[in-house]
Amino acid sequence: MIKKLVLVFIAVFAIQSYAQEGTASPYSFYGIGSLKFKGTVENRSMGGISIYNDSIHVNLRNPASYATNNLNFYGNESRPVKFSVGGSYSSIDLKSSSSEGTANATTFDYLALSIPVGKFGFGFGILPFTSVGYKLESLNSNGDIENRFQGEGGLNKTYLGVGYQIAKGLSIGIDANYNFGNIQNSTIEINYDTENVPLQYQSRENNRSDLSGLSFNFGLSYKAMLNEKLEFVSGLTYTPESSLTSINERSFSTVSLGSNGNEFVINTIETDLEAQGLLETDLTLPSKLSLGAGIGQPRKWFVGAEYTSQKTSNFSNPLYTSSATTYEDGSTFSLGGFYIPRYNSFSGYFKRTVYRAGLRYEKTGLIINNESINEFGISFGVGLPVGAVTSFSNINLGVEIGKRGTTNNNLIEENFINFQISLSLNDRWFVKRKYN
Numbered sequence: 000m001i002k003k004l005v006l007v008f009i010a011v012f013a014i015q016s017y018a019q020e021g022t023a024s025p026y027s028f029y030g031i032g033s034l035k036f037k038g039t040v041e042n043r044s045m046g047g048i049s050i051y052n053d054s055i056h057v058n059l060r061n062p063a064s065y066a067t068n069n070l071n072f073y074g075n076e077s078r079p080v081k082f083s084v085g086g087s088y089s090s091i092d093l094k095s096s097s098s099e100g101t102a103n104a105t106t107f108d109y110l111a112l113s114i115p116v117g118k119f120g121f122g123f124g125i126l127p128f129t130s131v132g133y134k135l136e137s138l139n140s141n142g143d144i145e146n147r148f149q150g151e152g153g154l155n156k157t158y159l160g161v162g163y164q165i166a167k168g169l170s171i172g173i174d175a176n177y178n179f180g181n182i183q184n185s186t187i188e189i190n191y192d193t194e195n196v197p198l199q200y201q202s203r204e205n206n207r208s209d210l211s212g213l214s215f216n217f218g219l220s221y222k223a224m225l226n227e228k229l230e231f232v233s234g235l236t237y238t239p240e241s242s243l244t245s246i247n248e249r250s251f252s253t254v255s256l257g258s259n260g261n262e263f264v265i266n267t268i269e270t271d272l273e274a275q276g277l278l279e280t281d282l283t284l285p286s287k288l289s290l291g292a293g294i295g296q297p298r299k300w301f302v303g304a305e306y307t308s309q310k311t312s313n314f315s316n317p318l319y320t321s322s323a324t325t326y327e328d329g330s331t332f333s334l335g336g337f338y339i340p341r342y343n344s345f346s347g348y349f350k351r352t353v354y355r356a357g358l359r360y361e362k363t364g365l366i367i368n369n370e371s372i373n374e375f376g377i378s379f380g381v382g383l384p385v386g387a388v389t390s391f392s393n394i395n396l397g398v399e400i401g402k403r404g405t406t407n408n409n410l411i412e413e414n415f416i417n418f419q420i421s422l423s424l425n426d427r428w429f430v431k432r433k434y435n
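First residue of the sequence shown? That's 0 in numbering that gives the first Met the number 0, and the numbers climb one at a time after it.
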């Protein structure tokens, strides 16, 4: 047990030490940043579907998964405590109607623990909820820099959940989430003299929002054997609308630009947001509903589909408003599955390897310059066994190739490749004594 915990903390330390920004997407400029995928590498490698759950993998999206059946391999007496930690690396090619560029980001994705107790199961962990990370410039009619935008930060989510098995194959659950974090951004307007030379002093607007609040996630999971081999699997989750409290700061600085583009602050004036009613605001997080179903042969193969609908049109942030940005209801369709040649093979390592694949199409709900921002991705992954056959621990590797946005109406198209890695460990804590 101690060795496994040490491995988890080493993995977390390595990911956090290497990580810089959680995202490099220009679209993280809007709202509270780019939404991070709430799911494991196993989920992401199957197009994002989360309806499948078992006794050896953590499921971050459906709290009903904490209460699963016991393992036949353990004499049907217990199921293991599950640990999981994951991170990812993204490489993005950015393209507009007039220019191209590249960006990359490395991020810690989640740390989670699930503990079985009889018909109950408990889960807790921490993961990013949104990420902000962009550096953008706009040009004037002469082709010179007119504005420079920069942002960083994001929201994190820590959760505590419980699941209960009502009957064999049927379980329910609830997650209580505490969301916290901050978003910082700045905008500098660059002015020129009559000879098109930048002025010595420029103006910069600085904003910071410290966010916090509670949200909840409800889940239902149902499994049933259709015959001796085929199993039907379904799942449903619902996240009600919630709100975050935002404590805001705004200031204006006079800056001097260095020859390499660095900004040197000359003086700063704080804005009285309290007089404008913007010192403390409420930010609405929209509700979300997911449902899906699939069929498969237990411990052999599975294929399923999932649909998610989100009331993104209800999102509001009083501090930041733009006539060019609106929101519509968002949705995601995911299709994916896995195949295991022989899960309990002692002689063939790759026979115990899990092979995953999937695809997804997402309507993000963001509308910029009357263009809906959509996203498409194709994913692949493997689960490589580690340790003894009876431990069911594994390293999961995944890759996703996709596209976000469009070059229409002066927008940016992103072509991305995401690489993910996770460590999934299992151990038995509660074993009944057979002999005194």
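C-beta: ideal position from N, C-alpha, C; glycine also.
Contact annotation: Asn181 and Gly212 have beta-carbon atoms that are not nearer than 8 Å. Rounded to whole angstroms, the separation of the alpha carbons of Lys362 and Phe415 is 17 Å.
Bridge pairing for Ser170: Gln164, Ser220 [DSSP]. The Cβ atoms of Lys81 and Ile55 lie closer than 8 Å to each other. In the structure shown, the three-state DSSP call for Pro127 is strand. Here the alpha carbon of Asn393 sits roughly 25 Å from the alpha carbon of Lys118. Counting along the chain, Glu412 sits inside the beta strand (DSSP E) bounded by residues 412 to 426. Taking one beta carbon from each stretch, the segment 241 to 254 and the segment 206 to 225 have 3 or more pairs nearer than 8 Å; the two touch. Taking the Cβ atoms as the reference, Gly364 lies roughly 27 Å from Gly336, outside the contact range of under 8 Å. Taking the CA atoms as reference points, Arg298 sits about 16 Å from Val57.
When the alpha-carbon of Asn68 is set against those of Ile171, Phe349, Asp53, Gly376, the nearest one is in Asp53. Excluding residues up to 5 positions away in sequence, Arg60, Asn61, Asn216, Phe217, Gly218, Ser289 lie with their Cβ nearer than 7 Å to the Cβ of Thr236 in the same chain.
In terms of Cβ geometry, Gly401 and Glu374 form a close pair [threshold 8 Å]. The beta carbon of Gln296 lies closer than 8 Å to those of Lys228, Leu229, Glu230 in the same chain, with the five residues before and after it left out. Every beta strand (DSSP E) of 3 residues or more that sits fully in the segment 242 to 322 is shown, in chain order, as 262 to 269, 279 to 284, 287 to 296, 300 to 309. Between Ser89 and Ser378, the alpha-carbon positions lie close to 13 Å from each other.
Ranking Asn176, Glu194, Ser185, Phe301 by CA distance to the CA of Ser241 puts Asn176 first. Note on geometry: alpha-carbon atoms of Asp174 and Asn408 lie some 41 Å from one another. Asp328 sits away from Ser315, with the two beta carbons spaced by 8 Å or more. Taken atom to atom, the span from the alpha-carbon of Ser33 to that of Ala23 is near 9 Å.
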